[in-house]
């Protein structure tokens with residue numbers, strides 16, 4: 141898979157996910173439809189006190205696992 145298109149390699153984005161203090165329902169708008177990679181959410185979402193879904197150690201362990209499986213350098217420390 142990684143050698144499928146050498147001029148357009150596969151990219152991987154590692155995200156840190158946070159839980160909102162208060163759940164929010166974002167209504168579907170026609171602007172959100174179609175084939176697109178990113179959308180601008182047009183609803184004002186109050187972020188408040190967010191907390192990470194994974195603690196720091198677990199997040200780093202998972203990042204290291206992913207990087208290790210790809211043969212990339214893993215952080216030590």
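Numbering (the numbering used here), first residue to last: 141 to 217.
Here a beta-carbon is modelled for each residue, glycine too, at the ideal position from N, C-alpha and C.
Remember, it's a predicted structure, so these values are computed and weren't measured experimentally.
1. Starting from residue 145, trace the alpha helix (DSSP H) both ways and give me its first and last residue.
2. Leaving out five residues before and five after residue 166 in sequence, what residues of the same chain have Cβ atoms less than 8 angstroms from its Cβ?
3. Is it the case that the CB of residue 145 approaches a heavy atom of the ligand FAD more closely than 7 angstroms?
4. Rounded to a whole number of angstroms, what is the C-alpha to C-alpha distance between residue 190 and residue 160?
5. Any idea what DSSP makes of residue 167, helix, strand or coil?
The short version:
1. Run containing residue 145: none; DSSP gives neither H nor E here.
2. Taken in chain order, the residues that qualify are 181, 183, 185.
3. In terms of ligand content, the structure shown is empty, and the ligand FAD therefore cannot be addressed.
4. 5 angstroms
5. coil
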